[in-house]
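Enquirer: Protein chains in written order, with the working numbering: chain A, 461 to 604; chain B, 6 to 275. Where a beta carbon is used, it is the ideal one built from N, C-alpha and C, also for glycine.
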Amino acid sequence: MISRFLFLIAFLFALCLGSAGAQTDQEVEARKTALDVAGAFTNDGFKLRDGHWAGAVKPGDHALIAVNLYAGNHYWFSAGANETAKKIGVDVYDENGRQLVAENYNAGEKAAAGFSPVTSGQYFISLNLLEGAASSLCLVYSYK
Amino acid sequence: MSVPALRLAIALLTILPAMAAPEPAQLTPNQVAQAIKTDTLTIPTPGELFAALAKPGKIDWPSQYRGPMPMTYRNRAQIALNLGGLIADGFIAVEAQDAQQVKNIGGDIIKMAKALGVSENILSRGNSINEFAENNDWGVLQEELEATQNEVKASMQSHRDQDLVILVSLGGWIRGTQVVSDAILKNFDGNTAKVLRQPALVNFIQLKVDGISPELRNEPLVKDVTSQLAVIQKLVSLPSGNAPTLDDVRKINEAVTKLMGEIQNKGDVK
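1. With 9 Å as the C-beta to C-beta threshold (strictly closer), list the residues of the segment 37-57 of chain B near chain A in chain order.
2. How far does the alpha helix (DSSP H) with Trp-178/B in it extend, from its first residue to its last?
3. Buried or exposed, going by whether 16 or more other CB atoms sit within 10 Å of the CB of Leu-11/B?
4. If the cut is a Cβ gap below 8 Å, which residues of chain A does Ala-205/B touch?
5. Output the boundary residues of the beta strand (DSSP E) element that contains Asp-65/B.
6. Restricting to Cα atoms, I'd like to know which of Ala-516/A, Asn-556/A, Ala-593/A is closest to Gln-36/B.
7. Can you check whether the CB of Asn-533/A is closer than 9 Å to the CB of Ser-586/A?
8. State the DSSP-derived secondary structure class of Arg-202/B, mapped to helix, strand or coil.
9. Taking DSSP as the reference, what is the three-state secondary structure of Glu-591/A?
10. Have a look at Leu-475/A and Met-76/B and give me their C-alpha separation to the nearest angstrom.
11. Just grab the DSSP bridge partners of Ser-596/A for me.
12. Using the Cα positions of Ile-114/B and Phe-55/B, report the straight-line distance between them to the nearest angstrom.
13. Pull up the distance between the alpha-carbon of Val-250/B and that of Gly-195/B, whole angstroms please.
14. According to DSSP, what are the bridge partners of Gly-581/A?
15. Within the chosen definition, does the segment 154-163 of chain B reach the segment 116-133 of chain B through at least 3 CB pairs nearer than 8 Å?
16. State the DSSP-derived secondary structure class of Lys-60/B, mapped to helix, strand or coil.
17. Are at least three pairs of beta-carbons, each pair with one atom in the segment 132-139 of chain B and one in the segment 170-181 of chain B, less than 8 Å apart?
18. For Thr-33/B, count neighbouring C-beta atoms within 10 Å of its own C-beta (all shown protein chains included) and say buried if the count is 16 or more, exposed if not.
19. Using the Cα positions of Leu-508/A and Leu-150/B, report the straight-line distance between them to the nearest angstrom.
20. Whose C-beta lies closer than 7 Å to the C-beta of Lys-546/A among residues of the same chain, with five residues either side of it excluded?
21. List, in order along the chain, the chain A residues whose C-beta lies closer than 8 Å to that of Val-200/B?
22. Using a Cβ-Cβ cut-off of 6 Å (strictly less than) and excluding sequence neighbours within five positions of Asn-126/B, which residues of its own chain qualify?
23. Go to Gly-549/A, then tell me how far its beta strand (DSSP E) extends in each direction, as first and last residue.
24. Under 9 Å between C-beta atoms, does Gly-505/A make it to chain B?
25. By a C-beta neighbour count over all protein chains shown, 10 Å radius and 16 as the cutoff for buried, is Lys-213/B buried or exposed?
26. Does the pairing of the segment 216-235 of chain B with the segment 181-197 of chain B give three or more beta-carbon distances under 8 Å?
27. Within the 9 Å Cβ cut-off, does Ala-573/A reach chain B?
28. Are the CB atoms of Tyr-606/A and Leu-560/A nearer to each other than 9 Å?
29. Check whether chain B comes within 9 Å of Leu-483/A, counting only Cβ atoms and requiring the distance to be less than that.
30. Use the C-beta contact count for Phe-209/B: other C-beta atoms within 10 angstroms, 16 or more gives buried, fewer gives exposed.
31. Take Lys-570/A as the anchor and find which of Gly-581/A, Leu-524/A, Val-578/A, Thr-544/A has the nearest alpha-carbon.
32. Using 8 Å for Cβ pairs, my map puts Ile-64/B next to Ala-248/B. What's the rounded Cβ distance?
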């Protein structure tokens with residue numbers, strides 16, 4: 461509960477500071493949705509990273525974000541979109557660009573992928589706009 | 006079974022497994038090269054590294070504390086690098102669940118951040134850190150430390166000090182790697198040592214450091230850090246899947262300890 465409250469405070473604070481750069485209303489909406497998805501994992505002991513990525517994605521296209529992960533941790537990558545997105549998805553790729561098997565959650569403009577790397581190093585998270593008009597998508601991630 | 010039916014069955018047996026297990030998708034080299042990299046998502050926090058280390062067994066976190074740090078640095082690059090190291094120290098204190106140590110380090114973080122002229126808003130973060138430490142909210146403290154770090158970076162960016170931002174991340178990564186490699190050396194296990202493999206991460210940091218202003222890049226401490234980072238990059242570029250040897254870990258620890266010593270103790274560098 462405290463953690464979720466903190467997310468909200470941090471989120472509002474970042475908006476006031478403009479620390480995440482000039483965000484559009486759609487990106488703010490997408491981020492709010494992504495944080496909502498991530499909140500479920502926080503209740504399960506996952507710690508949420510303070511950073512995020514948000515940006516526009518065309519229909520049928522994706523945004524690819526590089527992350528560096530540690531073997532031994534379990535990760536959840538949570539994504540949200542603004543209301544023009546009808547269905548989004550999250551995929552995980554290894555450092556060679558090969559798609560990996562992940563636990564998946566999809567519900568319209570919300571999606572998440574869970575993954576436990578056996579090798580430390582670089583991975584790529586793909587945010588896919590599967591159905592709907594051009595939308596803003598946002599990625600946050602949690603670990604434990 | 007007739008011959009045509011048998012042929013059909015064989016054909017289906019050949020085709021069906023392929024249909025059931027489609028080839029995993031593959032990114033093109035161009036897509037990989039153009040992947041988005043951001044300071045706040047692509048660089049993991051020391052807390053993430055420590056979480057991975059803590060899985061196999063109990064770590065003696067208090068043995069990783071270091072003595073008080075001078076608050077008299079005058080060089081901005083040196084302050085930024087040490088600020089990153091201090092934030093990593095905060096994560097160590099959280100892992101140790103040591104409220105007094107968290108409060109001490111929280112106070113030092115605020116002092117050092119103020120020396121860089123970051124926003125007064127950072128003071129409220131210091132109060133939050135103290136409050137969470139007093140209430141033993143360890144999970145929340147990890148997030149608060151990262152939020153503090155990001156706020157310092159955001160303030161630096163708004164003060165046109167964006168070149169210092171990567172130095173804060175770099176200081177945190179060096180200190181985190183020093184602690185983790187030392188803990189692994191004390192109780193060696195090849196599987197645990199795999200957390201030290203981070204070639205792309207160091208490459209990303211190196212590229213960001215290469216992109217800072219020539220004036221800052223030519224400062225003696227930053228030059229030293231840059232040249233030693235190239236050596237460290239080779240050490241952490243371990244083959245995928247292979248566990249590092251004890252000797253690999255020792256070399257990494259020696260390199261990052263030497264560098265941390267310079268960051269902390271180098272005299273007036275400008």
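Expert: Straight from the coordinates:
1. Val-37, Gln-39, Ala-40, Ile-41, Lys-42, Thr-43, Asp-44, Thr-45, Leu-46, Thr-47, Ile-48, Pro-49, Thr-50, Gly-52, Glu-53, Leu-54, Ala-56, Ala-57
2. 167-191
3. With a pLDDT of only 48 at Leu-11/B, under 50, the local geometry of the prediction cannot be trusted, and the value read off the model is given with reservation. The residue in question, Leu-11/B, is exposed, as its Cβ has fewer than 16 Cβ neighbours within 10 Å.
4. Ala-526, Asn-528, Glu-555, Gly-581, Gln-582
5. Segment: none, Asp-65/B is in no beta strand (DSSP E) and carries neither H nor E.
6. Asn-556/A
7. no
8. coil
9. strand
10. Bear in mind that a pLDDT of 39 at Leu-475/A, under 50, signals an unreliable position, so the number given afterwards is only what the model happens to contain. Whole-angstrom Cα-Cα distance: 31 Å.
11. Ala-516/A
12. 19 Å
13. The amino acid occupying residue 250/B in the given sequence is Thr; Val does not appear at that position. When rounded, the distance between both Cα atoms is 7 Å.
14. Leu-529/A
15. Inter-segment contact for the segment 154-163 of chain B and the segment 116-133 of chain B is present: three or more beta-carbon pairs are separated by less than 8 Å.
16. Coil at Lys-60/B, not helix or strand.
17. no
18. exposed
19. 12 Å
20. Gly-568, Glu-591, Gly-592
21. Residues of chain A whose Cβ lies closer than 8 Å to the Cβ of Val-200/B are, in chain order, Tyr-530, Ala-531, Gly-532, Ser-580.
22. none
23. 545-553
24. yes
25. buried
26. no
27. no
28. One cannot answer for residue 606/A here, as it falls past the ends of chain A, which runs 461 to 604.
29. Per the sequence shown, the amino acid found at residue 483/A is Gln instead of Leu. With 9 Å as the cut-off, Gln-483/A does not count as an interface residue toward chain B.
30. Per the 10 Å Cβ criterion, buried.
31. Thr-544/A
32. With 8 Å as the limit, Ile-64/B and Ala-248/B do not qualify as a contact, their Cβ atoms being about 18 Å apart.
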